[in-house]
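Line order of the protein sequences matches chains G and V. Letter by letter, the first sequence follows residues 9 to 166 in my numbering. Letter by letter, the second sequence follows residues 2 to 375 in my numbering. For glycine and all other residues, C-beta sits at the position ideal for the given N, C-alpha and C. Here's the structure, in structure tokens; my notes come after.
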Amino acid sequence: MSYFSDIYKGIKTLLNGMSVTGKYFLTSRKGAITQQYPDNRDTLKMFERFRGEVVMPHDENNEHQCTGCQKCEIACPNGSIEIIWDRGIDETTGKKKKKIDKHIYHLGLCTMCGLCIEACPTDAIVWAQNYENAVYDRTQLTKVLNEPGSKVKAGIED
Amino acid sequence: MFRLIIQYWSSVISLPSSVFGPRSLNITKTIEDWLVSVMPEGAASIVAMVLVALIYLGIFAVAGLYLVLLERKVAAWFQLRIGPNRVGPLGLLQTMADALKLVSKELTGTVKADKFLYNLAPYFVIISSLMALAVFPFTQEFQAFDINIGILFLIAISSIGVIGILLGGWSSNNKFALIGAMRSGVQTISYELSIGLSLLTMVLITGSLQLSEIVEVQKSGWLIVQGHIPAIIAFMIYMIAGTAETNRAPFDMVEAESELGAGFHTEYSGMKFAYFFLAEFINMFIIAAIATTVFFGAWLSPFGITESIPWLGVFWFLTKTLVLVFLMMWFRWTFPRLRIDQLLTLEWKYLLPINLVNIVIMALIVWLNMTIQF
Ligand code: SF4
Ligand code: SF4
Numbered sequence: 009m010s011y012f013s014d015i016y017k018g019i020k021t022l023l024n025g026m027s028v029t030g031k032y033f034l035t036s037r038k039g040a041i042t043q044q045y046p047d048n049r050d051t052l053k054m055f056e057r058f059r060g061e062v063v064m065p066h067d068e069n070n071e072h073q074c075t076g077c078q079k080c081e082i083a084c085p086n087g088s089i090e091i092i093w094d095r096g097i098d099e100t101t102g103k104k105k106k107k108i109d110k111h112i113y114h115l116g117l118c119t120m121c122g123l124c125i126e127a128c129p130t131d132a133i134v135w136a137q138n139y140e141n142a143v144y145d146r147t148q149l150t151k152v153l154n155e156p157g158s159k160v161k162a163g164i165e166d
Numbered sequence: 002m003f004r005l006i007i008q009y010w011s012s013v014i015s016l017p018s019s020v021f022g023p024r025s026l027n028i029t030k031t032i033e034d035w036l037v038s039v040m041p042e043g044a045a046s047i048v049a050m051v052l053v054a055l056i057y058l059g060i061f062a063v064a065g066l067y068l069v070l071l072e073r074k075v076a077a078w079f080q081l082r083i084g085p086n087r088v089g090p091l092g093l094l095q096t097m098a099d100a101l102k103l104v105s106k107e108l109t110g111t112v113k114a115d116k117f118l119y120n121l122a123p124y125f126v127i128i129s130s131l132m133a134l135a136v137f138p139f140t141q142e143f144q145a146f147d148i149n150i151g152i153l154f155l156i157a158i159s160s161i162g163v164i165g166i167l168l169g170g171w172s173s174n175n176k177f178a179l180i181g182a183m184r185s186g187v188q189t190i191s192y193e194l195s196i197g198l199s200l201l202t203m204v205l206i207t208g209s210l211q212l213s214e215i216v217e218v219q220k221s222g223w224l225i226v227q228g229h230i231p232a233i234i235a236f237m238i239y240m241i242a243g244t245a246e247t248n249r250a251p252f253d254m255v256e257a258e259s260e261l262g263a264g265f266h267t268e269y270s271g272m273k274f275a276y277f278f279l280a281e282f283i284n285m286f287i288i289a290a291i292a293t294t295v296f297f298g299a300w301l302s303p304f305g306i307t308e309s310i311p312w313l314g315v316f317w318f319l320t321k322t323l324v325l326v327f328l329m330m331w332f333r334w335t336f337p338r339l340r341i342d343q344l345l346t347l348e349w350k351y352l353l354p355i356n357l358v359n360i361v362i363m364a365l366i367v368w369l370n371m372t373i374q375f
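Here it is as structure tokens:
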């Protein structure tokens, strides 16, 4: 007898599905999720979780949180991150300490997987929300994330 | 079938006044009368036929394009999107622009393809769709070709399309196209049975295959009301099988982006591809139009409210057809597609047995006079 109950269940679930999409159909013109992109360029807000490119935020004293641990470089599956580092003298302790010279990020190679951001122990790098990344020359896609003259924020390593 | 057509045409040539059968198209009659006054009768009837053909071709090429637009809009609304809205007001000229683009594209082909069959296939598909349109009674007068085996003609014509698909897939000399064509063949041939049997169920009530007569019977209640329970079952089966016939989702086994490319039309480009595409949409219209004629009283208005204004029949016919077209779009954008074995199980294990039992029930109902008539 499962033959007939199969038919009944089949019809019931199909109608169920149709009622869901039917509701969408009736309400879609008010709640359309499409963005009319080039038109609303000025007002368009990207979502929190959108992955535009990897950036390194700097505070007002031109300080970032990157300690040069290279965990992001190791985490990246396709080598989009290169860290050029050096040893400098720490002002407070007077000891030698590792610090970044250049945190190089190749946007052109990045797959936006987010592993580098997961790997960073000090949350030095985050996702930016920009979405117009097209350029005419691919060398412009190689970016240095730390700004010139910036240094690591005090107390990050402790 | 062929004998009938030959008989028909020979009668046309000898008796020009009966070109469009006993209840001929008024508009063409006036054209024909005028033509007869300027040229000999035989020539006049041929010119009239060519004119009607051109008018139908024009109307349905444009209608097909707008069906494509409708599909895209409806799909967008089901998916909470906006849909095409750039070309022309509200995007109304979008598909026209697409058609222009397709016309201007290069027609590519493969070197080892069977050139003759390869080029023939798209025309097979589109011509068989367009031929079916001739028999629909859009109003009492607006029917190009009132043949007395209308339903049989429709079933026969709609199965020619699959030959075009098989030819296209075979002659492309490409394994993806071939597999796509085979899957289409399996599907269309299986579901043809259900279409035929469900229409046959309704023919039991009308007792005639002629479309104008089927409409006549429905003046005392649309067939879906007259035949009540078995008619509703037949309608459901018809809609399922009809969706499968047109190769639309959830029955779009013909193409598969991941493993088959575009299926049987992988090797076609530009306008030849567009013929396949347009044919799919015209076929959808045809399936809905057959359902309108056989289940929902064609051009008859509900409760005869516009009986006195016959030309409103076109409005009623198109409204009913578009509602059914919308239903098919609703299926497409709701249901996940079936696997090939599920597809065959549905047809051979469910639809066919139900259909056969349904015919017996319908026969009993007609025999015992249990149909509902007003
Ligand atoms: S998001 Fe992924 S691919 Fe891009 S830089 Fe980070 S780890 Fe590498
Ligand atoms: S960005 Fe984070 S993970 Fe990468 S080197 Fe700097 S601190 Fe380490």
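* Asked: Near A76 (chain V), what residues of its chain come up, given a Cβ to Cβ distance below 6 Å and the 5 sequence neighbours on each side ignored?
  -> W334
* To do: Run through the segment 185-216 of chain V for me and flag every whole beta strand (DSSP E) of 3 or more residues, listed as ranges in chain order.
  => none
* To do: Measure how close the beta-carbons of G208 (chain V) and F375 (chain V) come, nearest whole angstrom, since I'm counting them as under 8 Å.
  => Not confirmed; about 18 Å, so no contact.
* To do: Consider the C-beta atom of N69 (chain G) and the heavy atoms of ligand 1; say whether any pair is separated by less than 7 Å.
  => It does not: the Cβ of N69 (chain G) is nowhere closer than 7 Å to a heavy atom of ligand 1.
* Between which two residues does the alpha helix (DSSP H) carrying H111 (chain G) extend? -> From DSSP, H111 (chain G) is part of no alpha helix (DSSP H) but of the beta strand (DSSP E) over 104-114.
* Asked: Would the C-beta of K151 (chain G) count as close to ligand 2, meaning under 7 Å from any of its heavy atoms?
  -> Answer for K151 (chain G): no, Cβ out of range of ligand 2.
* CB contact below 8 Å: I362 (chain V) versus chain G -> no
* Residue range of the beta strand (DSSP E) that includes D94 (chain G) -> For D94 (chain G), the enclosing beta strand (DSSP E) stretches over residues 89-97.
* Asked: What in chain G is Cβ-close to I225 (chain V), meaning under 8 Å?
  -> Correct list: empty, because the minimum Cβ distance to chain G is about 18 Å.
* **Top-ranked residue by Cα proximity to D14 (chain G), from V:M132, V:Y351, V:V361** => Of the candidates V:M132, V:Y351, V:V361, the residue whose Cα lies closest to the Cα of D14 (chain G) is V:Y351.
* To do: Give the single residue among V:F265, V:L55, V:N356, V:A45 whose Cα lies nearest to the Cα of I234 (chain V).
  => V:N356
* Could you name the residues that DSSP lists as bridge partners for E71 (chain G)? => G:K159
* Asked: Which residues in the same chain as M2 (chain V) place their Cβ atom closer than 7 Å to its Cβ, once the five residues preceding and following it in sequence are excluded?
  -> Confidence in M2 (chain V) is poor, its pLDDT being 46 and thus under 50, which makes the residue's placement too unreliable to answer from.
* Output the boundary residues of the beta strand (DSSP E) element that contains V134 (chain G). => 134-136
* Asked: For T257 (chain V), does the three-state DSSP call read helix, strand or coil?
  -> Note that residue 257 (chain V) corresponds to Ala in the displayed sequence, not to Thr. Of the three classes helix, strand and coil, the one that applies to A257 (chain V) here is strand, per DSSP.
* Assess, as a yes-or-no matter, whether the segment 170-185 of chain V is touched by the segment 135-153 of chain V under the definition of 3 or more beta carbon pairs within less than 8 Å. => Counting C-beta pairs closer than 8 Å gives fewer than three between the segment 135-153 of chain V and the segment 170-185 of chain V, which falls short of the contact rule.
* Asked: Opposite T150 (chain G) in the DSSP bridges: which residues?
  -> G:H114
* By the 10 Å Cβ neighbour count, where 16 or more other Cβ atoms means buried, how is R249 (chain V) classified, buried or exposed? -> buried
* Asked: Given that Y32 (chain G) touches chain V, what residues does it touch there, using C-beta distances under 8 Å?
  -> W78, F79, Q80, L81
* Say whether chain V places a C-beta atom closer than 8 Å to the C-beta of M120 (chain G). => no
* How would you call G169 (chain V), buried or exposed, if buried means at least 16 neighbouring beta carbons within 10 angstroms? -> Label assigned to G169 (chain V): buried.
* Asked: CA-CA distance, I362 (chain V) and W368 (chain V)?
  -> 10 Å
* Asked: If you measure from the beta carbon of R37 (chain G) to each beta carbon in chain V, is any gap under 8 Å?
  -> yes
* Asked: Can you find a heavy atom of ligand 1 that lies under 7 Å from the Cβ of N154 (chain G)?
  -> no
* **Own chain partners of T70 (chain G) with C-beta closer than 8 Å, once the 5 adjacent residues on each side are dropped** => A small fix is needed here, since residue 70 (chain G) is Asn in this sequence, not Thr. Answer for N70 (chain G): E155, G157, S158, K159, listed in chain order.
* Provide the residue span of the beta strand (DSSP E) that contains E61 (chain G), from first to last. => 61-63
* Please compile the residues from chain V whose C-beta is within a distance smaller than 8 Å of the C-beta of T51 (chain G). => Those within 8 Å of T51 (chain G) in chain V number zero; the least Cβ separation is about 16 Å.
* What first and last residue would you give for the alpha helix (DSSP H) that runs through Q343 (chain V)? -> 341-346
* If we cut at 8 Å on Cβ distances, does T130 (chain G) have a partner in chain V? -> no
* CB N175 (chain V) to CB E268 (chain V), shorter than 8 Å? -> In contact: N175 (chain V) and E268 (chain V) (Cβ atoms closer than 8 Å).
* If you measure from the CB of G163 (chain G), is any heavy atom of ligand 2 nearer than 7 Å? -> no
* To do: Name the two residues that bound the continuous alpha helix (DSSP H) containing E246 (chain V).
  => 229-246
* **Where G89 (chain V) falls: helix, strand or coil (DSSP)** => coil
* Asked: Which residues bound the alpha helix (DSSP H) around V326 (chain V)?
  -> 314-333
* Is the shortest distance between the beta-carbon of M26 (chain G) and the beta-carbons of chain V less than 8 Å? -> yes
* Asked: In terms of alpha-carbon separation, which member of V:A49, V:L301, V:F274, V:Q227 lies closest to A122 (chain V)?
  -> Cα-wise, what sits closest to A122 (chain V) is V:F274.
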